[in-house]
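Working notes for the structure below.
So, in structure tokens, the structure goes:
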């Protein structure tokens with residue numbers, strides 16, 4: 096390749112389906128492979144940076160899924176032609192979403208482009224995604240994604256430097272002149288910066304002692320499952336090299352373009368192989384991470400399941416186990432609105448401010464940037480802190496191991512003690528995936544009009560001998576306490592006098608059809624029921640939720656695709 100190249104302008108056509116959701120643009124691979132489709136969206140993303148684009152540095156990487164390398168190649172050529180000064184790209188195009196956030200923040204870049212469809216399946220017939228992270232390391236807020244979308248609707252051409260070729264499998268620095276301006280591509284080790292960051296947060300020596308065992312304690316056996324996603328290289332470096340676990344404790348740790356046929360979503364349905372291995376094996380602890388590494392599932396011995404809502408609450412109650420928080424203090428806790436209210440109890444007891452925000456990590460980021468938030472989580476297996484501006488699966492796993500090392504108790508003992516102290520928020524989520532979009536929308540519209548009728552307030556809903564009195568029915572809206580921005584229509588809520596809740600949302604993270612998510616949360620402090628199965632306790636509320644919404648009638652679905 097010549098060290099001097101010229102860019103060109105390519106005429107294009109408008110695609111009218113490039114509106115980013117809560118985590119960027121997600122579509123089927125075949126959609127992204129249409130002529131000009133990916134190029135248009137990348138051009139619009141860069142153009143949205145306005146006068147901050149020329150001479151800037153951006154981070155690029157993704158979860159290793161199918162079409163990732165081709166997309167990186169296109170981003171390099173389009174960035175070169177648009178006046179970007181430097182790209183920092185993960186080797187092989189691999190960077191976990193938490194690593195992208197880490198690198199943006201460490202090197203103070205203008206932001207980053209993350210190539211991921213997160214927990215959606217990968218492969219030629221599955222999904223791909225592109226999202227932009229801002230200079231704080233977090234997902235672009237609404238005003239940025241709206242700007243990108245507006246540009247896509249009017250785009251007539253894009254700029255590209257087709258003669259730029261960089262081998263992203265090789266750790267190297269390449270600088271060339273593009274239209275007379277220097278353009279550098281730095282291919283970086285995918286793991287180094289993230290590993291260094293984790294070592295500054297956690298006491299690796301105490302975690303290593305837990306895992307290796309000591310004179311008075313046997314080794315604490317773990318099983319870490321990368322689900323053939325991006326976390327593989329991170330798991331090997333952290334758990335094998337740094338913490339010394341044996342090879343049999345690390346599985347599915349090679350990123351594969353189709354995730355080895357797995358659905359890379361760490362829940363009880365899609366991480367069944369982990370659940371079975373921990374249930375039947377000698378392991379004290381199991382963890383799985385999703386395709387791009389920002390979600391986590393935590394299991395105790397015999398596959399004792401920790402709900403994400405409980406995981407957040409337990410970490411909140413035990414942050415002093417982690418050196419980072421002993422240093423920074425605890426500024427606040429937050430959860431997404433549909434997440435079970437277990438952390439609310441910890442906040443009340445500890446006198447710590449609690450924030451309830453809409454679904455989407457960007458809402459946490461605003462609070463963190465304002466110094467008001469230390470720990471946060473979503474029921475969709477996302478947990479994180481202000482160490483970056485994304486949820487972080489491996490961080491959550493290391494946080495749990497820190498708490499276990501500090502308390503000297505098993506996962507189950509920690510949960511039982513927690514419920515004894517705070518009571519228990521029983522929580523479940525039903526996902527109805529790939530529903531007919533029109534039917535799902537009709538259901539939501541009718542339900543909204545029903546729960547907002549004056550007579551609905553105070554009504555008594557009964558199932559299986561249990562009666563719940565309606566305290567509120569609404570479509571949740573949020574005013575950001577930092578910048579005053581408003582988010583409306585964030586989910587239908589039915590709140591009851593006893594603190595129980597039913598929530599309905601249409602998800603925007605799938606690539607086809609509509610996913611209806613039904614969340615049910617009920618608080619109990621009766622010692623006799625604390626250890627009971629959540630589905631048993633929540634059955635009356637679930638029945639009420641299905642009857643009020645007429646979900647079966649609208650969708651024709653007798654059962655959810657996934658129960659969490």
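In this note's numbering, the protein residues as written are 96 to 659. Note that beta-carbon positions come from the ideal geometry of N, C-alpha and C, so glycine has one too.
From the DSSP output, in three-state form, read off residue 382 for me.
strand
Please classify residue 215 as buried or exposed, where buried requires at least 16 neighbouring CB atoms within 10 angstroms.
Classification of residue 215: buried, given that the 10 Å Cβ count is 16 or more.
Measure the alpha-carbon distance for residue 300 versus residue 266 and round it to whole angstroms.
Per the coordinates, the alpha-carbon of residue 300 lies some 30 angstroms from the alpha-carbon of residue 266.
Among the candidates 373, 354, 362, 360, whose CA atom is the shortest distance from the CA of residue 343?
373
Buried or exposed for residue 429, going by 16 or more other Cβ atoms inside 10 Å?
buried
When you compare only the Cα positions, how much space is there between residue 270 and residue 171?
Taking the CA atoms as reference points, residue 270 sits about 12 angstroms from residue 171.
Quick one: what's got a C-beta closer than 8 angstroms to residue 242's C-beta in the same chain, skipping five residues either side?
Contacts found: 143.
Using the DSSP secondary-structure output, state which residues sit across from residue 497 in a beta bridge.
Residue pairing of residue 497 in beta bridges, as defined by DSSP: absent, with no partner found.
Please list the terminal residues of the continuous alpha helix (DSSP H) segment that includes residue 253.
Premise fails: residue 253 lies in the beta strand (DSSP E), 252–255, not in any alpha helix (DSSP H).
Hey, residue 411 and residue 452: beta-carbon distance below 7 angstroms or not?
No, Cβ-Cβ distance for residue 411 and residue 452 is not below 7 angstroms.
How about residue 633 and residue 476: do their beta carbons lie closer than 7 angstroms?
no
Look at the alpha carbon of residue 627 and the alpha carbon of residue 519, and state the distance between them as a whole number of angstroms.
Residue 627 and residue 519 have their C-alpha atoms spaced approximately 10 angstroms apart.
I need the DSSP call for residue 263, collapsed to helix, strand or coil.
coil
Where does residue 401 fall in DSSP's three states?
The DSSP-derived three-state label of residue 401 is strand.
According to DSSP, is residue 308 part of a helix, a strand, or is it coil?
Here residue 308 sits in coil by DSSP.
Comparing the C-beta of residue 343 with each C-beta of chain B, is any distance below 7 angstroms?
This model lacks chain B altogether, as it is built from one protein chain only.
Have a look at the DSSP bridge pairing and note the partners of residue 225.
Residue 225 is bridged by DSSP to 120, 210.
Which residues does DSSP pair with residue 558 in a beta bridge?
561
For the stretch 521–530 and the stretch 320–330, state whether three or more C-beta atom pairs, one from each stretch, are separated by less than 8 angstroms.
no
Which residues does DSSP list as the beta-bridge partners of residue 520?
618
By the 10 Å Cβ neighbour count, where 16 or more other Cβ atoms means buried, how is residue 312 classified, buried or exposed?
exposed
Got a sec? Which residues, its chain only, sit under 6 angstroms from residue 194 by beta carbon, not counting five neighbours each side?
289
Give, in chain order, every unbroken run of the alpha helix (DSSP H) that is at least 4 residues long and sits entirely within the stretch 101–145.
124–127, 132–142
Here's the rule I'm using: 16 or more other beta-carbon atoms within 10 Å means buried, otherwise exposed. How should residue 405 be labelled?
buried
So, at 8 angstroms on beta carbons, what are the nonlocal neighbours of residue 396 in its own chain, with the 5 sequence-adjacent residues on each side left out?
373, 378, 379, 380, 505, 506, 507
Helix, strand or coil: how does DSSP classify residue 602 here?
strand
Pair every Cβ in the stretch 97–114 with every Cβ in the stretch 198–205, then say whether three or more of these pairs are closer than 8 angstroms.
Touching, no, given that fewer than three Cβ pairs across the two stretches are closer than 8 angstroms.
I'd like to know whether the C-beta atoms of residue 184 and residue 282 end up nearer to each other than 7 angstroms.
In this structure, residue 282 lies closer than 7 angstroms to residue 184 by Cβ.
How about residue 447: is its Cβ closer than 6 angstroms to a heavy atom in the ligand ATP?
This structure lacks the ligand ATP, and indeed carries no ligand of any kind.
Taking only the alpha-carbon atoms, compute the straight-line gap between residue 341 and residue 333 and give it to the nearest angstrom.
12 angstroms
Pull up the distance between the alpha-carbon of residue 235 and that of residue 115, whole angstroms please.
The C-alpha of residue 115 is placed about 10 angstroms away from the C-alpha of residue 235.
In the structure shown, what three-state DSSP assignment does residue 609 receive?
strand
Can the beta-carbon of residue 618 be found less than 7 angstroms from the beta-carbon of residue 591?
no
Can you check whether the CB of residue 600 is closer than 7 angstroms to the CB of residue 588?
The beta carbons of residue 588 and residue 600 sit no closer together than 7 angstroms.
Taking only the alpha-carbon atoms, compute the straight-line gap between residue 479 and residue 472 and give it to the nearest angstrom.
6 angstroms
Please work out which residues of its chain come closer than 6 angstroms, Cβ to Cβ, to residue 534, disregarding the five sequence neighbours upstream and downstream, and give them in chain order.
649, 650.
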